[in-house]
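The opening position of the sequence shown corresponds to residue 1189 in our numbering, with each subsequent residue numbered one higher. We treat Cβ as the ideally placed atom computed from N, Cα and C, and that holds for glycine. Here the structure is a predicted model, which is why all the values come from computation and not from measurement. Single-structure report; data block below.
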Amino acid sequence: MNRRILIIGLDGATWTNLRPWIEQGKLPHLGKLVAEGASGPLTTTIPPVSASAWVSFATGCNPGKHGSFDFVFPRPNAYDIGVVNVNVRGMPPFWQAIEAAGGQVGLASVPITYPPQPINGWTVCGFLVPNEQAAYTQPPELKEQIKAAGLVWPLHEFEGNRSRDPRKFLQDMRTFDESRTQVVTWLMQTRPWDLVSFVIKTTDTTQHEVWHLLDPQHPRHDAEMAARVKDDIVAYFQAMDACVGQLVQAAGPDATVIVMSDHGGGPFEKFFHVNNWLALQGFLKFKRTPLSLVKRALFALGFTPITALKIVNGLGLGRLRKNVKRGRGRGWLGRLFLSLRDVDWARTQAFSIGNFGQIYINTKGSRPRGAVEPGAEYQAVRDKIIEQALGLRDPASGDAVIRAAYKREELYHGARLSNAPDIILHTDRSKYVSFGHADFGSNQLVEPSIGQTGHHTMDGIVILRGAGIPAGTQITGANIIDIAPTVLALMSLPIPSEMDGKVLFGVETRASGQGDRPRNSPPAGETRASGQGSGDENPYSEEDEEQVMERLRQLGYVA
Ligand SMILES: [Zn+2]
């Protein structure tokens, strides 16, 4: 290893926001890295979901190889939701190559690293750690050492001021980042390291929350509120920039620095309810039991999680809000909402689980009550869904909702392809986001969003600064899977043959191995559809899982 590398992840960071502030001199630390290094957009996975993107970052592989397609997935032998975790990761992360070469690795808040794996170095997990009692560090005693050093590693952002008081919310995000950055700085200063990778997550949370205040074109733009909090928003990003500066300084002048995001951010306006659409098109059928019929009647009348949330929000019934948000039915209120439990599986060809237009075919042999024969019928159902989806128009505006619809083998290749959604509907993300917070969140097809006003886009950011990287240059055509091989190349380490990404800078030595296939060769034929595959050992207890699901619900990822 010929150099040390610090990777700072800024979840959801986008040039749309950062570039103007850099030009105005408001983000001096990021501005300095841009001036001294190479930078440009970083294209992410389709769909642009953090769980898939960060694992693609870690492995340098497409999701067909690593098997992480979203935070949630249908469990193998049930029509229920499983939560992604490190055991789902079907490929080794690139830092194992650094460890194998004797290097010391530090990971902080890198998504989908929980439960923390044995490491030559240290890990502090963040997103999707169920609670403070969980063993979220490696080595395990590190958790207490952080506290003994008088530092605080906050596990979750404080959500209390979300959708209520933007100024307090922004201050909460800032405190959270500063506290975590202190911990990482201390770790860098007190332990040897060759690679440190730390992800600042609040950039994404903030953009979800305040996009309409940044963007005068947004339909929910509130000029008065925007004027009041404009400075606070910039101050939040400046605090983030100061965290970057603190970390870069701790790394020292000889370290190579990479700043990157897992996807970009932008406005959105409306939710698209995929399961409603599938039902309307006849691909999904409901049971005709008395209870399901009553629920459908209530649903038709507007008794849905979204209307209930609007009412509860309007009345200021905070505690009820939680009950409503536990929409998948563990709460008493949730049990009255229409859900996948009301679906008549024997007559259902397709269903959606996830927040990004993921559709699963109810295929015989791979689902407990499959209704579609594999082979010709499977292909015909997919073709029909794709054709109809591309014709879908927003009833209010007439705009096309779906920009592209993919069969999984068009996007992914590898041993985990059979775990992927069968179809991915890529919405026009400037306006539409699939609603995955509840199976049937609303009785509408498309409707204005509540809560969030910003969402993920395909273009993230990347900045690289260090020896051999030409200063002030533009990077084009970079993809999130390129980071892993680039880091290894910069460290003069061989790149595992299975990695799909390309080297952006550095000396490329590619280990030749078996089981590799050229990057752009056609995908293998249709593979057996199955549930989440081998290696999916669930580390969460039932209670842990409920807490993690609650986090995802609060963040708007799942019901
Ligand atoms: Zn993200």
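Beta-carbon proximity check, residue i vs residue j, cutoff 8 Å
i	j	result
residue 1408	residue 1400	yes
residue 1339	residue 1371	yes
residue 1189	residue 1291	yes
residue 1455	residue 1642	yes
residue 1672	residue 1687	yes
residue 1649	residue 1611	no
residue 1384	residue 1654	no
residue 1281	residue 1246	yes
residue 1489	residue 1628	no
residue 1471	residue 1484	no
residue 1354	residue 1413	yes
residue 1330	residue 1421	no
residue 1538	residue 1549	yes
residue 1349	residue 1360	yes
residue 1312	residue 1337	no
residue 1225	residue 1590	no
residue 1228	residue 1663	yes
residue 1192	residue 1439	yes
residue 1634	residue 1460	yes
residue 1556	residue 1265	yes
residue 1206	residue 1194	no
residue 1424	residue 1352	no
Three-state class that DSSP yields for residue i in the structure shown
i	result
residue 1427	helix
residue 1729	coil
residue 1674	helix
residue 1409	coil
residue 1202	coil
residue 1687	coil
residue 1566	helix
residue 1734	helix
residue 1231	strand
residue 1448	strand
residue 1704	With a pLDDT of only 41 at residue 1704, under the threshold of 50, the placement of this residue in the model should not be trusted, and no figure is reported.
residue 1613	strand
residue 1272	coil
residue 1208	helix
residue 1587	coil
residue 1353	coil
residue 1473	coil
residue 1513	Residue confidence is low: residue 1513 scores 47 on pLDDT, short of 50, so the model does not pin down where it sits. No coordinate-derived value is stated.
residue 1344	coil
residue 1698	strand
residue 1709	No answer about residue 1709 holds up, because its pLDDT of 34 lies below 50 and its placement is not dependable.
residue 1196	strand
residue 1241	helix
residue 1478	helix
residue 1487	helix
residue 1311	strand
residue 1262	strand
residue 1717	Residue confidence for residue 1717 is low, a pLDDT of 31 falling below 50, so the modelled location carries little weight; the figure read from the coordinates is stated next. Coil at residue 1717, not helix or strand.
residue 1607	helix
residue 1581	strand
residue 1601	coil
residue 1526	coil
residue 1649	strand
residue 1298	coil
residue 1325	strand
residue 1317	coil
residue 1643	strand
residue 1635	strand
residue 1251	helix
residue 1557	coil
ask   = Would the segment 1571-1591 and the segment 1231-1246 be scored as touching if the rule is three or more Cβ pairs under 8 Å?
value = The answer is no - the segment 1231-1246 does not touch the segment 1571-1591, with fewer than three Cβ pairs under 8 Å.
message = Would the segment 1387-1394 count as touching the segment 1319-1333 if we require 3 or more Cβ pairs under 8 Å?
response = The segment 1387-1394 is not in contact with the segment 1319-1333.
request  = Examine the Cβ distances between the segment 1265-1281 and the segment 1214-1227 and report whether three or more of them are shorter than 8 Å.
outcome  = These segments do not touch.
request  = Inspect the CB distances between the segment 1654-1666 and the segment 1253-1263 and report whether three or more fall short of 8 Å.
outcome  = The segment 1654-1666 vs the segment 1253-1263: no contact.
message = For a minimum of 4 consecutive residues, which ranges assigned as the alpha helix (DSSP H) are wholly contained in the segment 1365-1409?
response = Whole alpha helix (DSSP H) segments, 4+ residues: 1390-1402.
inquiry  = Under 8 Å, with one C-beta from each stretch per pair, do the segment 1192-1206 and the segment 1448-1468 reach the 3-pair mark?
reply    = Using a Cβ-Cβ distance cut-off of 8 Å, the segment 1192-1206 and the segment 1448-1468 are in contact, since at least three pairs of beta carbons, one from each stretch, lie closer than that value.
task = Evaluate the contact criterion for the segment 1560-1567 versus the segment 1265-1277: three or more CB pairs, one atom per stretch, below 8 Å.
result = With fewer than three CB-CB distances shorter than 8 Å, the segment 1560-1567 does not count as touching the segment 1265-1277.
query = Is there contact between the segment 1423-1431 and the segment 1590-1602, where contact requires at least three CB pairs shorter than 8 Å?
reply = Flag = no, the segment 1423-1431 and the segment 1590-1602 do not touch.
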